[in-house]
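S.K.: Right, I'll just put the structure down here and ask away after.
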Amino acid sequence: MENEQISFEIISKAGEAFSILVKALEHARNGKLELAEESIKNSEKLMNEAHNIQTNLIVKEANGVPNEFSVLLIHAQDTLMNTILMSTIVKEMILMFNTLKKELTCNEQ
Amino acid sequence: MNNKLHILLLCNLGASTGILVSKMKEVVNNSEKLKNKDIKIEARPAGELNEHITNFDVLLLGPQIGHRFDELKELADAHQKPIEIINSRDYGTMNAGNIVKQAIVMNSQKVN
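First to last, the sequence lines map onto chains A and B.
Start counting the first sequence at 1; every next residue gets the next number (the numbering used here).
Start counting the second sequence at 1001; every next residue gets the next number (the numbering used here).
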């Protein structure tokens, strides 16, 4: 696969995963926790696919085959990094949201 | 298809989508059927949609900003412009031909 195509694969998969994570937060905010969970799973699948492409690049380089660098590849890395960070935070936020909701209902009773 | 087709691609910064634009233009220039039609393809950040919407016939969103579809669709509906998210497989593999096709189909289904 060409460098440009590899970058596009990463941007597309990681970018879509990011987009789904934003939707997951929206579902959680609207109390649709099952949909939120499902979105997280879907985004993780895409994020892992993007991550695997990145791993292949690293493995290739470790084997002594140099990678061709471009701003597009940096943009792809940047997109993936954002998504990984977003995933960690969104999962934590949904947990926090659930805990708070439980505490609130306990206090009301 | 109509003789005029102006396509606007939207993403976060218009960066990666810009490369897609050149690939799509290549498809158009290499097609006997399309190269003599009035086809314009541009990429812009989604935040600038309001400034450009009147100059285009169909709007396509990068899959990475799919979560903004509802918000952008409101604006698109107000201007009666069709809007869709680019198929993420086509985006990832830079299948410019399929994306041009998607735009042509959207334009032909438009209610005038």
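Every residue gets a Cβ at the ideal spot worked out from N, C-alpha and C, and that includes glycine.
Using 8 Å as the threshold, is the segment 1047 to 1060 of chain B in touch with the segment 1073 to 1082 of chain B, meaning 3 or more CB pairs across them?
M.R.: yes
S.K.: With the cut-off set at 8 Å, would you say Asn-1107/B and Val-1058/B are in Cβ contact?
M.R.: yes
S.K.: Residues of chain B with a CB under 9 Å from the CB of Phe-8/A: which are they?
M.R.: Ser-1016, Ile-1019, Leu-1020, Tyr-1091, Gly-1092, Thr-1093 and Met-1094
S.K.: So, do the segment 5 to 17 of chain A and the segment 52 to 59 of chain A have three or more beta carbon pairs nearer to each other than 8 Å?
M.R.: yes
S.K.: Could you check whether the Cβ of Ile-138/A sits closer than 8 Å to any Cβ belonging to chain B?
M.R.: Limits of chain A in this structure are 1 at one end and 109 at the other, which puts residue 138/A out of reach.
S.K.: Given that a residue counts as buried once 16 or more other Cβ atoms are within 10 Å of its Cβ, and exposed if not, what is Gly-113/A?
M.R.: Since the first and last residues shown for chain A are 1 and 109, residue 113/A lies out of range.
S.K.: Where does Arg-1043/B fall in DSSP's three states?
M.R.: Checking the sequence shown, residue 1043/B turns out to be Ala, not Arg. Strand.
S.K.: So what does DSSP say about Glu-183/A, is it helix, strand or coil?
M.R.: The structure shown has nothing for residue 183/A, since chain A only spans 1 to 109.
S.K.: Quick one: is Ile-1099/B near chain A, going by C-beta distance under 8 Å?
M.R.: no
S.K.: Taking the alpha helix (DSSP H) that Ile-1007/B belongs to, which residues open and close that run?
M.R.: Element bounds for Ile-1007/B: not the alpha helix (DSSP H) but the beta strand (DSSP E), 1004 to 1011.
S.K.: Who pairs with Val-71/A in a beta bridge, going by DSSP?
M.R.: None, per the DSSP bridge assignment.
S.K.: Rounded to whole angstroms, what's the CA-CA distance from His-1079/B to Leu-95/A? Just pull it up for me.
M.R.: 40 Å
S.K.: Could you tell me whether any Cβ in chain B is nearer than 8 Å to the Cβ of Thr-79/A?
M.R.: yes
S.K.: What residue range is occupied by the uninterrupted alpha helix (DSSP H) comprising Glu-37/A?
M.R.: 33 to 62
S.K.: May I ask you to report which of helix, strand or coil DSSP gives Asn-1058/B?
M.R.: Position check: residue 1058/B holds Val in this sequence, whereas Asn was assumed. When DSSP states are grouped into helix, strand and coil, Val-1058/B belongs to the strand group.
S.K.: Taking Leu-1005/B as the reference, give the member of Met-1024/B, Ile-1039/B, Gly-1018/B and Lys-1035/B with the closest Cα.
M.R.: Nearest of Met-1024/B, Ile-1039/B, Gly-1018/B and Lys-1035/B to Leu-1005/B, Cα basis: Ile-1039/B.
S.K.: Taking the Cβ atom as the reference point for each residue, do His-75/A and Ile-11/A lie within a distance shorter than 8 Å?
M.R.: Judged by beta-carbon spacing, Ile-11/A lies within the 8 Å limit of His-75/A, meaning their Cβ atoms are closer than that value.
S.K.: Any Cβ of chain B within less than 8 Å of the Cβ of Lys-41/A?
M.R.: no
S.K.: Which residues, in order along the segment 47 to 80 of chain A, keep a beta-carbon less than 9 Å from a beta-carbon of chain B?
M.R.: Contact annotation: in the segment 47 to 80 of chain A, residues whose CB is within less than 9 Å of a CB in chain B are Val-71, Leu-72, His-75, Ala-76 and Thr-79.
S.K.: Going by alpha carbons, who is nearest to Met-81/A out of Ile-40/A, His-51/A and Gly-31/A?
M.R.: His-51/A
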